[in-house]
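From first to last, the protein sequence lines are chains A and B.
Take 33 as the starting number for the first sequence in the numbering used here and just add one per residue.
Take 242 as the starting number for the second sequence in the numbering used here and just add one per residue.
For every residue, glycine included, the Cβ atom is placed at its ideal position computed from N, Cα and C.
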Amino acid sequence: MREKELRLVVTFHTTADAMAMEKACREQDVPGRLIPVPRSVSAGCGLAWCAPLTEREKLCAVMKEQGIGPEGLHECPVRV
Amino acid sequence: MIYMDNAATTIHKPEEVRAAVMAAFGTMGNAGRGASVPALDASRIIYGTREKLARLFHAGDPRRIAFTANSTESLNIALKGLFSRGDHVITTVLEHNSVLRPLYECRENGVKLTVLGCDGKGRISYEEMEAAIRADTKAVVCTHASNLTGNMTDLERVGAMAKRHGLLFVVDASQTAGVWPIDVEKMQIDVLCFTGHKSLLGPQGTGGMYVREGVHIRPLLSGGSGIDTYNEKHPAEMPTVLEAGTLNGHGIAGLGAALSWIEKTGMDRIRQRELSLMRRFYNGVFRIPGVTVYGDLETEKRAPIVSLNILDYDSSEVSDELSTVYGIVTRPGAHCAPLMHRALGTVEQGAVRFSFSFFNTEEEVDLAADAVRELARG
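What follows is the structure, encoded as structure tokens:
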């Protein structure tokens, strides 16, 4: 297995929110990718946005701008 | 990409399916709405697909088959349309949320529910099922195969039991239609719910249900039917009673082509190949230290699914690793089967599901087993 690194993991209420997040992040060149939600985090939707810790501000700005209410914003180890 | 999430949906469809959908675009009118050439073409294609489904399920009259968007819709129509306050319904922990959630809604409206448990390998007890039958029991609702373990229910046995006690028998065939023989007469099934996009190899957005003659389901929807326009009520005849609004004609054209392909190829051949791939994968992984496989793999009477965990690794991490590093597509997590996971003790960890299709290869299976072996090394 690949090594784990601490990442920012954003969970969502719905799959549609997760897809809106991916679209907006790609359009705005905000790094990250969709991953299955790690078990240490429980969420309504099975997809989470995983990004470097340094991107917190950008991610929050994207979510605010897109009207995406995250279910949770976590820092957790993810294999990258 | 090695696709092994066929229990979620099949990606590899016969070429004829794509051709039929494409041909329907640009030519297909609205079935049952007038007698124009395009409308009749649509009606013929849709009726032809009903005939093939009736043949597949030994339903006799094709008009006993109604089209829906998927199993979930079929099950909602069946369960909410059959049961009323005071009815008692028996189901199992093997069920998908497409059975459980409508039943929970029914329970909120006064339907009483018994959910049968299972043993450590995810098998139900038919004796317990019969013992759960009471004077107010209206129906048994169960899946033909668990979408998590692949374990199958003996439909002939349950059907005979249901009939002996005068109960309705409703079956979810999401994981078996097109792979395992289903005979609604022999199995004494009253309502059979199926989806088109999994083992039936049709497009997403297609599905349907068989309803035995004499079984009346209150429809969820009413509206356009193309017939009896001046009647304030939606027509009561099958299949129109359950098909308000325009059908997914383009999708049904594809489903019809998929059914022809299944007839031509032979369901026995399809099943033998899928089970052989499943067995090959199971044989490749079950002895690996740290690998836990769920379900009853001692029998060949099962859906082509192998769900497993590696050590105490999060199934989401394993599935992501399989996808990112090896290009192998699996499904982690809870699989919309909350009670099955609870019964197996895998609520926290989830499980990694490998599910096989006729179009997978031995080489892909071996690569997947090798990947599991590597991941289990840590």
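Per DSSP, what are the beta-bridge partners of E107/A in this structure? L40/A
With distance defined between alpha-carbon atoms, name the residue in G443/B, N550/B, A485/B nearest to P460/B. A485/B
For S596/B, the three-state DSSP class (helix, strand or coil): strand
Cα separation between T378/B and C347/B? 14 Å
Selected residue, minimal CA-CA separation from L462/B, among A310/B, G351/B, M402/B, S598/B: A310/B
Along the chain, which unbroken stretches of the alpha helix (DSSP H) at least 4 residues long are found entirely within the region 386–453 of chain B? 396–405
Using only alpha-carbon positions, find the residue among E589/B, M581/B, R594/B that is nearest to D561/B. R594/B
Kindly list, in the order they appear in chain C, the residues whose Cβ is closer than 7 Å to that of R71/A. Reference to chain C is not applicable here, since the protein chains of this structure are A and B.
Against D561/B, what residues of chain A qualify as contacts under a CB-to-CB distance less than 8 Å, listed in chain order? I67, P68, R111
Would Y244/B be called buried (16 or more neighbouring beta carbons within 10 Å of its own) or exposed? buried
If you measure beta-carbon to beta-carbon, which residues of the region 387–403 of chain B are closer than 8 Å to chain A? none
Under 7 Å, Cβ to Cβ, is there at least one residue of chain A near P460/B? no
Can you check whether the CB of A575/B is closer than 7 Å to the CB of G591/B? yes
At a Cβ cut of 8 Å, what residues of the region 76–88 of chain A count as close to chain B, listed as they run along the chain? G78
Determine the DSSP secondary structure at D561/B, reduced to helix, strand or coil. helix
Check whether the Cβ atoms of L335/B and S415/B sit closer than 7 Å, and answer yes or no. no
The alpha helix (DSSP H) spanning N338/B covers which residue range? 338–349
Burial state of H253/B, where buried means 16 or more other Cβ atoms lie within 10 Å: exposed
Spatial distance of L585/B from F266/B (CA atoms): 46 Å
Residue of E97/A, L40/A, L66/A minimising C-alpha distance to Q60/A: E97/A
Contact check, S548/B vs L389/B, beta carbons under 7 Å: yes
Between L580/B and V356/B, how many whole angstroms is the CB-CB distance? I'm expecting something under 8 Å. 7 Å
When you compare only the Cα positions, how much space is there between N247/B and Y471/B? 45 Å
On the premise that G467/B lies in contact with G273/B, defined as a C-beta separation below 8 Å, what is that separation, rounded to the nearest angstrom? 4 Å
If the criterion is Cβ atoms closer than 7 Å, does the pair V382/B and T332/B meet it? yes
I want to know whether the region 47–58 of chain A touches the region 254–262 of chain B - three or more CB-CB distances under 8 Å. no
Mind checking if M95/A is an interface residue toward chain B, Cβ cutoff 7 Å exclusive? no
What does L616/B touch in chain A if you count any residue whose Cβ is under 7 Å from its own? M33
Contacts that P573/B makes with chain A (C-beta to C-beta distance below 7 Å): P68
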